[in-house]
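In our numbering, the protein residues as written are 265 to 755.
Just so it is clear, CB atoms sit at the ideal spot from N, CA and C, and this is done for glycine as well.
This structure is a prediction, so every number in the text was calculated from the model and none was measured.
Set out below in structure tokens:
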């Protein structure tokens, strides 16, 4: 129930027809809105087309709702509060009271006009009928204008063309009709909002078997203008049918498209799951292969201790070198698979947390200088290319994948370390780790790429290397191998 006087009925049905037919599905539903934008509905259409039945259905449903009873309409229907429901339906002519049909109607409407308020619902069947059509339609229009001035919602039925034109011209009125099947000349009892209806009196008479010559004469007497109006209404109703069919087809296509999109989304989800499972299986295979290589490496280290100095040198130069290279290849593929789920950072900003692909750890961006960014990695600040920045790994990735590699696989030695753009303080812990891993792998010749620049970083790195016990020599390669921008370390 709403506090404002209005109706928004969806799939509403006449309650008494439901009881009579014993099945609500046999009763044709209707949708009707009144009281918000449109204050008056002028309902037209053929005789026995269902106008009066709809009028009674609206009145009964409103009174049922006001009485706290469930109503035969969809749950999203809305019914506002009405202090009064006035109805003039049926023939109240009386010999005793000297009232004709026309005067009886006027007496009721007079009482309505005296008591009507904005929260009054007015229902009038055949307004202005039972008198001269021209004067009756004029009187009916004047009554409707008064109801509009009072602001009370109303539904009236009519056969008057003048009232249909009035509804079309007034912004607060709405034409509506009960649909008529012009092909089979039968009413469909469907409520159509927005279109006026024709009485189809001549057509109904023809369908009832009236003499065709009388039908033709009636058309002549009706006049060309009236015939044109009837034909126009037929055309409008036919267009309405075509439009409804088109809307239904579009809705069906939309539904099929949505269903197809859902199926594609489901297939995509299944495909992503399958890819994830394959990636995990591939990752396990890489881990197992890396562990196997480490075992071979450890066995070779044990064998190395039993060899002579010359044999050890040969062994180290070839076998351990090959193992380390193999480990590096596996680790490279492993790192690639581990970071497969990470997306490159599209718009790096200072303060943003990122994943460094070259160090396989998280860092925070400090500043951006063209294609280089300065980052803080666990207290160490240095510059790195933008291309090495990826979205941070999720907790699932870091807890489920990374620990397996770190727990079961020893660090893999590398032959080269790049520290270009770093200060010596930033590079020192990287150099320590680089040398430790190389020593563990039994490598002898290493490269540290520090760049040329002013030579300050090269000097500090070499001075530091000379202090390390495992370092036997420090040198400079040929110009085509890096020259003074590279330091060769022998351990």
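Task: Among 738, 416, 454, the one whose alpha carbon lies nearest that of residue 386 - done: In the chain shown, counting from the first residue as 1, residue 386 sits at position 122. Taking residue 386 as reference, the option from 738, 416, 454 with the minimal CA-CA separation is 416.
Open item on the list: For residue 627, list the residues DSSP reports as bridge partners.
Closed with: The count along the chain shown starts at 1 and reaches residue 627 at position 363. DSSP, once it has assigned bridges, lists 618 as partnering residue 627.
TODO: Look up residue 439 in the DSSP assignment and give the residues it is bridged to.
DONE: Translated into positions along the chain shown, residue 439 becomes position 175. Residue 439 is bridged to 306.
Open item on the list: Checking the sheet assignment: what are the DSSP bridge partners for residue 217?
Closed with: Since the first residue of the chain shown is 265 and the last is 755, residue 217 is not available in this structure.
Task: Classification of residue 405 by the beta-carbon crowding that lies within 10 angstroms, buried from 16 upward - done: Sequence index remark: in the chain shown, residue 405 carries index 141 (1-based). Looking at its Cβ environment, which holds 16 or more other Cβ atoms inside 10 Å, residue 405 is buried.
Task: For residue 384, the residue or residues it bridges with in DSSP - done: Your numbering for residue 384 matches position 120 in the chain shown. Beta-bridge pairing links residue 384 to 348.
Open item on the list: I'd like to confirm the pairing. Which residues does DSSP put opposite residue 737 in its beta bridges?
Closed with: Counting from one through the chain shown, the residue named residue 737 turns up at place 473. Per the DSSP secondary-structure output, residue 737 pairs in a beta bridge with 754.
Open item on the list: If you measure between the beta carbons of residue 263 and residue 729, is that distance less than 7 Å?
Closed with: In the structure displayed, the chain extends from 265 to 755; residue 263 sits before or after that span and is not available.
Open item on the list: Less than 7 Å between CB atoms is the rule here; does residue 291 satisfy it with respect to chain E?
Closed with: No chain E is part of this structure, which consists of one protein chain only.
Task: Helix, strand or coil at residue 268 according to DSSP, with G and I counted as helix - done: Residue mapping note: residue 268 aligns to position 4 of the chain shown, counting from 1. Here residue 268 sits in coil by DSSP.
Open item on the list: With H, G and I counted as helix, E and B as strand and the rest as coil, what does DSSP make of residue 364?
Closed with: Start at 1 with the first residue of the chain shown, and residue 364 comes out as number 100. Three-state result, residue 364: coil.
TODO: Within the same chain, show all residues whose beta-carbon is closer than 6 Å to that of residue 424, passing over the 5 residues directly before and after it, in chain order.
DONE: Position 160 of the chain shown, counting from 1, holds the residue named residue 424. If the five residues before and after residue 424 are omitted, its C-beta is found closer than 6 Å to the C-beta atoms of 401, all from its own chain and listed in chain order.
Task: residue 833 (DSSP reduced to helix, strand or coil) - done: In the structure displayed, the chain extends from 265 to 755; residue 833 sits before or after that span and is not available.
Task: Per DSSP, cross-strand counterpart(s) of residue 709 - done: Your numbering for residue 709 matches position 445 in the chain shown. According to DSSP, which records beta bridges pairwise, residue 709 is partnered with 754.
TODO: Return the chain-ordered ranges of every beta strand (DSSP E) run that is complete within the stretch 415-473 and spans a minimum of 3 residues.
DONE: You should have 418-421, 437-445, 450-457.
- [ ] Kindly give me the distance between the Cβ atoms of residue 679 and residue 710, rounded to whole angstroms, as I take these residues to be in contact under 8 Å.
- [x] Position 415 of the chain shown, counted from the start, is the residue given in the question as residue 679. Position 446 of the chain shown, counted from the start, is the residue given in the question as residue 710. Between residue 710 and residue 679 the Cβ distance is about 6 Å, and since that is below 8 Å, they are a contact.
Open item on the list: If I follow the unbroken alpha helix (DSSP H) through residue 295, where does it start and stop?
Closed with: One-based indexing of the chain shown puts residue 295 at position 31. Residue 295 -> not in any alpha helix (DSSP H); beta strand (DSSP E) instead, spanning 294-298.
Task: Distance between residue 699 and residue 693 (C-alpha atoms, nearest Å) - done: Locating residue 693 in the chain shown gives position 429, where the first residue counts as 1. Locating residue 699 in the chain shown gives position 435, where the first residue counts as 1. Approximately 10 Å between the Cα atoms of the pair.
Task: Cβ neighbours of residue 344 in the same chain (closer than 6 Å, five flanking residues each side left out) - done: Position 80 of the chain shown holds residue 344. Close CB contacts of residue 344 within its chain, under the 6 Å cut and outside five residues either way in sequence, are with 266, 268, 269, 270 (chain order).
Task: Contacting residues, own chain, Cβ-Cβ under 6 Å from residue 447 (five flanking each side not counted) - done: To locate residue 447, count along the chain shown from 1; it is residue 183. Apart from the 5 residues on each side of it in sequence, residue 447 has no Cβ closer than 6 Å to any other Cβ in its chain.
Open item on the list: Does residue 653 come out as helix, strand or coil in the three-state DSSP assignment?
Closed with: For the purposes of this step, residue 653 is taken as the residue at position 389 of the chain shown. In the structure shown, residue 653 falls within a strand segment according to DSSP collapsed to helix, strand and coil.
- [ ] Could you tell me the distance, in whole angstroms, from the CA atom of residue 625 to the CA atom of residue 641?
- [x] Within the chain shown, residue 625 is the residue found at index 361, counting from 1. Within the chain shown, residue 641 is the residue found at index 377, counting from 1. Distance between residue 625 and residue 641, taken at the CA atoms: about 8 Å.
Open item on the list: With three or more beta-carbon pairs closer than 8 Å as the criterion, would you say the stretch 329-342 touches the stretch 367-380?
Closed with: Counting C-beta pairs with one atom in each stretch, the stretch 329-342 and the stretch 367-380 have fewer than three that are closer than 8 Å, which means they do not touch.
Open item on the list: Can you tell me where the beta strand (DSSP E) holding residue 640 begins and where it ends?
Closed with: Working through the chain shown from its first residue, we reach residue 640 at position 376. Start and end: 636-641.
Open item on the list: Measuring only the C-alpha atoms, how far is residue 454 from residue 473?
Closed with: Along the chain shown, read from residue 1 onward, the residue named residue 454 stands at position 190. Along the chain shown, read from residue 1 onward, the residue named residue 473 stands at position 209. Rounded to whole angstroms, residue 454 to residue 473 spans 25 Å at the Cα level.
TODO: Could you work out which residue in 304, 539, 324, 311 is closest to residue 276 when comparing CA atoms only?
DONE: The residue you call residue 276 lines up with position 12 of the chain shown. For residue 276, the nearest C-alpha among the options comes from 324.
Task: CA-to-CA distance, residue 719 to residue 746, given in whole angstroms - done: On the chain shown, residue 746 is found 482 positions in, with the first residue counted as 1. On the chain shown, residue 719 is found 455 positions in, with the first residue counted as 1. Distance between the alpha carbons of residue 746 and residue 719: 14 Å.
- [ ] Provide the residue span of the alpha helix (DSSP H) that contains residue 484, from first to last.
- [x] For the purposes of this step, residue 484 is identified with residue 220 of the chain shown, where counting begins at 1. For residue 484, the enclosing alpha helix (DSSP H) begins and ends at 476-486.
TODO: For residue 722, I'd like the list of residues in its chain whose CB is within less than 6 Å of its CB, leaving aside the five on either flank, ordered along the chain.
DONE: Against the chain shown, residue 722 aligns to sequence position 458. Excluding sequence neighbours, residue 722 sits near 714.
Task: Coarse secondary structure for residue 669, derived from DSSP in three states - done: As a first step, residue 669 must be located in the chain shown, where it is residue number 405. In this predicted model, residue 669 has a pLDDT of only 36, less than 50, meaning its place in the structure is not dependable enough to derive any value.
TODO: Please confirm if the stretch 476-487 is in contact with the stretch 348-355, defined as three or more CB-CB distances below 8 Å between the two stretches.
DONE: Taking 8 Å as the limit for Cβ pairs, the verdict is that the stretch 348-355 does not touch the stretch 476-487.
Task: Nearest residue (CA-CA) to residue 376, options 408, 295, 508 - done: Locating residue 376 in the chain shown gives position 112, counting from the first residue. When only C-alpha atoms are compared, the closest one is 408.
Open item on the list: Between residue 691 and residue 725, how many whole angstroms is the CB-CB distance? I'm expecting something under 8 Å.
Closed with: By one-based count along the chain shown, residue 691 stands at place 427. By one-based count along the chain shown, residue 725 stands at place 461. The beta carbons of residue 691 and residue 725 sit about 7 Å from each other, so the pair counts as a contact at 8 Å.
Task: Reduced DSSP secondary structure (H/G/I, E/B, other) of residue 412 - done: As a first step, residue 412 is located in the chain shown; it is residue number 148 there, counting from the start. Residue 412 falls in the helix class under three-state DSSP.
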